[in-house]
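The sequence shown runs 1 to 132 under UniProt numbering.
Glycine included, every Cβ here is placed at the ideal spot set by N, Cα and C.
A quick write-up on the structure given underneath.
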Amino acid sequence: ARQWFNMSLQVTVKGVIGGSVVLPCSSKEPQLASEDITVNWKHHNRLKVYGIVKGKVSVEGQDPEYENRVESDSEQHLRGNFSLKLKNLRYSDTGKYQCYIIAVSVIKTVELHIEGIFFLFLFKEVLLCLLI
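This is the structure:
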């Protein structure tokens, strides 16, 4: 059977290189039982960032880019909150993230902007000039 997903308004989050951000994702649907909770976080609709399968965290298939850099509060999952903390931000983290809440057929989209790139680049260039 074909499954349709409800799209929601996109949220924008800003972060800085080396910092951390929370990518929000929640469901207002009635509370789900732990075994019914399956959520997938993806970056650019293809790279697996984080997964929850039947209420348990799953790193199977996780892109190595996100290894040891993502976490989610499992106590909040039963309340419908699947927000993700992304740590040690990199420039490559910029872009769209999708949170797929499978049981209720919902996709939440978060756009992440990384700031401070040009400052770091300029600082590095100035430092190099001073050292020469």
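| Asked | Found |
| --- | --- |
| Where the beta strand (DSSP E) containing S58 begins and where it ends | 56 to 58 |
| C-beta contact flag for E67 and K85 at 8 angstroms | no |
| Local Cβ density within 10 Å of G15, reported as buried at 16 or more and exposed below that | buried |
| Which of helix, strand or coil DSSP assigns to E29 | coil |
| Delimiting residues of the alpha helix (DSSP H) encompassing H77 | 74 to 77 |
| Whether E75 touches T12 by CB criterion (8 angstroms) | no |
| Close Cβ partners of P24 (< 8 angstroms) along its chain, the five nearest in sequence each way excluded | V11, V13, S83, K108, V110 |
| Pairwise C-alpha distance: K42 and Y91 | 17 angstroms |
| Residue 136, DSSP secondary structure in three states | There is no way to answer for residue 136, as the model of the chain reaches only from 1 to 132. |
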